[in-house]
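Number 14 in the UniProt record's numbering belongs to position 14 of the sequence shown; there are no gaps in the numbering.
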Amino acid sequence: MQDQIRDILVKYASLPAAADLDQNADLFSAGMSSHGSVQLMLALEDTFDVEFPDNLLNRKSFSTIAMIEQVIAQLVAGKEAA
């Protein structure tokens with residue numbers, strides 16, 4: 001999943017260095033803009049067939065690759081349980 005997230009960051013969030021970032025590096029400090037985070041969210045929803053609820057639409061949810069992976073895993077698990 002982490003490789004997919006990194007690919008999405010490069011393609012949709014305009015973070016060409018995403019492939020080399022530590023999984024706990026702050027993506028906003030690395031150059032991701034708020035517009036990039038919206039594009040990231042949309043691409044993640046399409047790729048993983050999930051929908052981010054309002055309570056997860058915040059900077060923290062998209063702050064690091066590790067956090068994105070954790071949030072996606074929760075959304076996928078919740079979808080499978082439903």
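Every residue, glycine too, gets a C-beta built ideally from N, C-alpha and C.
Using 10 angstroms around the beta-carbon of Arg-6, count the other beta-carbons present and answer buried if the total reaches 16, otherwise exposed.
In summary, Arg-6 is buried, with 16 or more beta-carbon neighbours lying within 10 Å of its beta-carbon over all protein chains present.
Spatially closest choice to Gly-36 from Lys-60, Thr-47, Asn-55 and Leu-9, by CA coordinates
Ranking the options by Cα distance to Gly-36, first place goes to Leu-9.
Backbone secondary structure at Arg-6 - three-state DSSP:
helix
Do Val-50 and Leu-44 have their C-beta atoms closer together than 9 angstroms?
yes
Helix, strand or coil: which one does DSSP assign to Asn-58?
The three-state reading of DSSP puts Asn-58 in coil, since its state is none of H, G, I, E or B.
On the criterion of 16 or more Cβ atoms from any shown chain inside 10 Å, does Ala-18 qualify as buried, or is it exposed?
buried
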